[in-house]
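Chemist: One structure, pasted below without further comment.
Here is the structure:
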């Protein structure tokens, strides 16, 4: 019989969580509550004596200073309405898991399998509300995909009580292994590929299928042919395993396909660029292992390499923003952790693309009858933000770099980019640490979390558009502490040399991790019954493909197995031998002594037929916005600073620990008040050395509305330029590509992809900046219905994110963008053209005039032949200490860069427009807001101005004026007439007010 | 000079152990990261060390309450050796989550004998949010070993449960005993008086750090180990720019190191 301990903050103290909900009810729902209090509830599903329960209540669950509590009774009836939110059975409950361990430790007793502690929260609300009001509150704090919710009025609570039953998973034992018939019509095969293996037929004749395999007909033909040769049918384990291994997510079938005349976009652009650059660099090549491993490895300083990976977690974040984003960040942590023999995690990055958080129109729905509306963009924003907060902060990894971008086309599917940089010694035990080699006879050890039904069909799921039938089983919640313990134990195991190879369990779970490592030894043999599971009842195919998080797979030589298992046990991490690497050339899986999978590795990894696709693209003709000419742009600038894409996001950054590990050099927020975004962050991975790593990124989805080539080209150029602005060496900037596309089966979208990829090649080669890793996500479409029930498709704008990782030779020479001292000279570097197309100024003007962004045609074009020497010259000047500040010009144009320079410095700028490098005939508005590439705003001390100008000689440079004491940004024309004259406090107010939550 | 050895506790989500170890080493101590289970299993002995550090982090994910579960594990298993460690007049420091662990172990108390149960707490920030920001601090304890010769400090905080809280009479006693070691202030040194964000969590009497009656056992919410280098300062580029122009050398050390140096000097 389960017991319950309920805890609440004393009424005479402050209930911060309650107050937070009270504020949110007011802000988001306009519901004014008199009081909100929060009770935490732990339901202990194990027999405990009253004395034991009381000891737990007193010593473990209750703060003696601030809280009161009760056992098996309601701790407070001080409410009009109560909302209790608990997890659905099988959903990761981190607090419950900790409580189980803590109760066991305190009382010195064990919990058997199936005995557990479940956490839930009860929100006690006072106010005159209807049940409908409270249901809206519940929707704010819960998600039907992972939570169960009970709403009760005080009277109902008195009669019925409040507590949930334990959220126990009860499944019948399931040893089922099906053979799957492939000798089917094309129609039936398509259904198999699209909806999955037939699980059962209900009494009413309805077919229940297990969820998409995402295999197309050619792939299914290839599988059928393979098993025809074997004269047998595939098992469900084999078919699911092939579907995972061949998924778009794992094999990047679109980037690898024959597209028109191109034999693999990936090989002909991204990889080709890197290969050519590496050849040219020769002995200076700093790439160590690129595109091969879980993250790209480059050299850092003698003795150490760094590795970097940026991932996306879009579809899960659309459904459960918190769990999706948390799983995303904790998941990408495992990429460096599983790179080579394993890296230490140094810093995280994030990038969020959301719909407008202030959206106030009806939300599209998944069902035609208005059912299942998509989540409001603000709920997605908050959930994703919190997921990345918990993932980074709880793991002790600083979140040193990130950005937010808004466009209503991200409303159906947000883009959630997450990345992690790792540090690894170049050698460990005399062996290069980036090489790994499982040998035949090595034991396969799985360590970390257990396997549950969570995340089944995750890899295939992200290859499909979201629709009404999307399996919510793909949603899961990360567990940063289990992973932290796993990572700590792994560092010790590495130092002791206990394992030979390693990879993480991500998409496809064991089927992919073991299958991948089996390539090293030439085969594998797995006994699925040995895999530790969270609860009984998982079928063999589920154990094999489950994506339960926080697991690594190791190849451990027989002689080290005992030491390895003992170390992990002492660190509180479960580790289990589940099989052996072989040289059989086969992937063999058994369950209960019977073979459930026996497939040649060659077929598993290379049997996938290549897609052949065609594309087309024509540059759209868009109306050229009628450009307003005015004599004063102060108001436009002020308003521009408050735009969602340009405004300050301190709200987000402050809640991310960006300083843990003590290596923070240039923070994400800088300036006198620490509230202006920098163009890049600088981190010092080794505290006893002065070299640093700079992280930055760029994306310009709205440029793609005009030309995807420009979108990608500007992203590369900006991601490099931002590095230069903080003092990184442009000769050593490496890049990562993340393509997030939509409808990638349409020739038009593929045409856009082709153009973007071409730009990626051209710009990387022109800058000698190699790609070291990348990832793509090709179907970011939402298919649903509008408020009238009409079918609706919301596709993200094709988006390419370029992330850059740069080398800072001496962090003591790093610069920040804030103006430093009165009297300093202000310079503009680079050429300014009429390039407002797809830019933020047009967006603002369009929204002001027509309620939607203007786009235009003159999109910024990157000109690396001109920018590369400029970047080199500026980097040199920075190294010589000649620059007081440097700010990269990108979104929002010159005016935005000048405003940031002034606001961050808390100093005025008195400037006069200078046109030596301006396209002729440019209006003041275009000059201020054009987003032309390749530009910087730099300030320099007057006594260094001559040397600075000399260092930049031959480069496009104009002097604009000086830094002033008075807190005004003033820009005049040649006649001395000011066309911008803004007080810094007004600018700062505009910059900060939008997301001042 | 004898070089003290610091035990830097690790495990279960502690995550500032590397930089805390670096801080002690830079300050002149030997330092060793020791997993809590190795202490419990007797593979390592508390008595072999002169300084015990509970580093920052997220032990057990802050589940139930920050520091609570690790405190329970630590004190359930290591009460005796901890008692002896204190009797031997050795040093204990807890930072952020480590401070939370100490408070919940009963190591920080106004009572004459520690480890007699929890008497003060660290609870949720008034903002209801985790915050990473730098704060100004004034040192106010006459006996605190760790803040000796320090007047003011500027350090980052990064926490969601950092509001030091106790009944008024306990706070009175702490003040009377000289146990309030650091308080939040404005940049000019005036008391923050609870004003946000100078006092980032709403702690009554602006309390940021507390020591025991002897001054040898010390817990603080701010992170001195995150300001070991001058380049950690949020405005170091501004300060360095000015110093260079005026012809002065730019310092390399951060002010947080002083806390660790004080610990090492104690053993001179």
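Chains as they are written, first to last, in the numbering used here: chain L, 1 to 997; chain S, 1 to 268.
Cβ atoms here follow ideal geometry from the backbone N, Cα and C, with glycine treated the same way.
Quick caveat, the model's predicted, so the values are computed rather than measured.
Pull out every residue of the stretch 208-231 of chain S whose Cβ sits closer than 9 Å to any Cβ of chain L, in chain order.
Modeler: Result list: 223, 225, 226, 227, 228, 229, 230, 231.
Chemist: Measure from the C-beta of residue 348 of chain L to each C-beta in chain S and report whether the shortest distance is under 8 Å.
Modeler: So, not an interface residue.
Chemist: Taking the beta carbon of residue 469 of chain L as the centre, do at least 16 other beta carbons fall within 10 Å, making it buried, or is it exposed?
Modeler: Here the model assigns residue 469 of chain L a pLDDT of 47, short of 50, so the residue's position is not dependable, and the following value carries that caveat. When all chains shown are included, residue 469 of chain L counts as exposed.
Chemist: According to DSSP, residue 311 of chain L sits in a beta bridge with which residue or residues?
Modeler: For residue 311 of chain L, which the question treats as bridged, DSSP gives the partners L:418.
Chemist: Quick one: is residue 289 of chain L near chain S, going by C-beta distance under 8 Å?
Modeler: No, its Cβ sits nowhere closer than 8 Å to a Cβ of chain S.
Chemist: Would residue 230 of chain L be called buried (16 or more neighbouring beta carbons within 10 Å of its own) or exposed?
Modeler: Burial call: exposed.
Chemist: Excluding the five sequence neighbours on either side, which residues of its own chain have a C-beta within less than 7 Å of the C-beta of residue 857 of chain L, listed in chain order?
Modeler: Excluding sequence neighbours, residue 857 of chain L sits near 622, 624, 706, 837.
Chemist: According to DSSP, is residue 153 of chain S helix, strand or coil?
Modeler: It is a strand residue.
Chemist: What does residue 818 of chain L touch in chain S if you count any residue whose Cβ is under 9 Å from its own?
Modeler: The answer, in chain order, is 235, 237, 238.
Chemist: Considering only DSSP beta bridges, list what residue 752 of chain L is partnered with.
Modeler: Looking at the DSSP assignment, residue 752 of chain L forms no beta bridge with any residue, so it has no partner.
Chemist: Compare the C-beta of residue 247 of chain S with all C-beta atoms of chain L and state if any pair is closer than 8 Å.
Modeler: Answer no: the Cβ-Cβ gap between residue 247 of chain S and chain L never drops below 8 Å.
Chemist: Would you say the stretch 868-888 of chain L touches the stretch 933-944 of chain L, given that touching needs at least three Cβ pairs under 8 Å?
Modeler: Contact between the stretch 868-888 of chain L and the stretch 933-944 of chain L is present, because at least three Cβ pairs lie under 8 Å.
Chemist: Hey, how far is the Cα of residue 349 of chain L from the Cα of residue 312 of chain L?
Modeler: The straight-line gap from Cα to Cα measures roughly 11 Å.
Chemist: Is residue 158 of chain S close to chain L, meaning its C-beta is less than 8 Å from at least one C-beta of that chain?
Modeler: Closer than 8 Å to some Cβ of chain L, the Cβ of residue 158 of chain S qualifies, so yes.
Chemist: What residue does the alpha helix (DSSP H) around residue 485 of chain L start on, and which one ends it?
Modeler: Unbroken alpha helix (DSSP H) run through residue 485 of chain L: 480-495.
Chemist: What residues are listed by DSSP as bridge partners for residue 163 of chain S?
Modeler: DSSP output for residue 163 of chain S lists S:123 as bridge partner(s).
Chemist: Please list the segments of the beta strand (DSSP E) lying wholly inside the stretch 45-123 of chain L, counting only runs of 3 or more residues, in order along the chain.
Modeler: You should have 67-71, 81-87.
Chemist: Could you tell me which chain S residues have their CB closer than 8 Å to the CB of residue 656 of chain L, listed as they occur along the chain?
Modeler: Chain S residues near residue 656 of chain L: 132.
Chemist: Please check if any C-beta of chain L sits within less than 8 Å of the C-beta of residue 35 of chain S.
Modeler: Judged by the 8 Å Cβ criterion, residue 35 of chain S is in contact with chain L.
Chemist: Quick one: what does DSSP say residue 936 of chain L is sitting in, helix, strand or coil?
Modeler: Strand, per DSSP.
Chemist: Any beta-carbon of chain L closer than 8 Å to the one on residue 118 of chain S?
Modeler: Answer yes: the Cβ-Cβ gap between residue 118 of chain S and chain L drops below 8 Å somewhere.
Chemist: Between residue 911 of chain L and residue 961 of chain L, which are expected to be in contact by the criterion C-beta below 8 Å, what is the C-beta distance as a whole number of angstroms?
Modeler: That pair is a contact at about 4 Å.
Chemist: So, at 6 Å on beta carbons, what are the nonlocal neighbours of residue 250 of chain S in its own chain, with the 5 sequence-adjacent residues on each side left out?
Modeler: Once the five neighbours on either side are set aside, the close Cβ partners of residue 250 of chain S are 240, 243.
Chemist: Can the beta-carbon of residue 306 of chain L be found closer than 8 Å to that of residue 685 of chain L?
Modeler: Cβ atoms of residue 306 of chain L and residue 685 of chain L: closer than 8 Å.
Chemist: Assign residue 2 of chain S to buried or exposed, taking buried as 16 or more other Cβ atoms, counted over all protein chains shown, within 10 Å of its Cβ.
Modeler: Flag for residue 2 of chain S reads exposed.
Chemist: Going by beta-carbon coordinates alone, are residue 70 of chain S and residue 130 of chain S separated by less than 8 Å?
Modeler: Their beta carbons are not under 8 Å apart, which means residue 70 of chain S does not touch residue 130 of chain S by this criterion.
Chemist: Using alpha carbons as the reference points, say which of L:880, L:628, L:605 lies closest to residue 244 of chain L.
Modeler: Closest option to residue 244 of chain L, Cα to Cα, is L:605.
Chemist: How is residue 594 of chain L classed by DSSP in three states: helix, strand or coil?
Modeler: Correct three-state label for residue 594 of chain L: strand.
Chemist: What are the complete beta strand (DSSP E) segments, minimum 3 residues, inside the stretch 772-858 of chain L?
Modeler: Fully enclosed beta strand (DSSP E) runs of 3 or longer: 781-785, 791-795, 799-808, 825-829.
Chemist: Using alpha carbons as the reference points, say which of S:136, S:160, S:142, S:163 lies closest to residue 153 of chain S.
Modeler: Closest option to residue 153 of chain S, Cα to Cα, is S:136.
Chemist: Can you give the Cα-Cα distance for residue 54 of chain L and residue 70 of chain L, rounded to whole angstroms?
Modeler: Distance between the alpha carbons of residue 54 of chain L and residue 70 of chain L is about 9 Å.
Chemist: Residue ranges of each alpha helix (DSSP H) run of no fewer than 4 residues wholly in the stretch 359-411 of chain L, ordered along the chain?
Modeler: Within the stretch 359-411 of chain L, the complete alpha helix (DSSP H) runs of at least 4 residues are 377-395.
Chemist: From L:814, L:274, L:17, pick the residue whose C-alpha is nearest to that of residue 160 of chain S; which is it?
Modeler: For residue 160 of chain S, the nearest C-alpha among the options comes from L:17.
Chemist: Among the candidates L:657, L:79, L:900, whose CA atom is the shortest distance from the CA of residue 127 of chain L?
Modeler: With distances taken between Cα atoms, residue 127 of chain L lies closest to L:79.
Chemist: Decide if the stretch 138-155 of chain S is in contact with the stretch 213-226 of chain S; the criterion is three or more beta carbon pairs, one per stretch, under 8 Å apart.
Modeler: They touch, by the three-pair rule.
Chemist: Please report whether the beta-carbon of residue 393 of chain L lies at a distance below 8 Å from any beta-carbon of chain S.
Modeler: Interface residue, yes.
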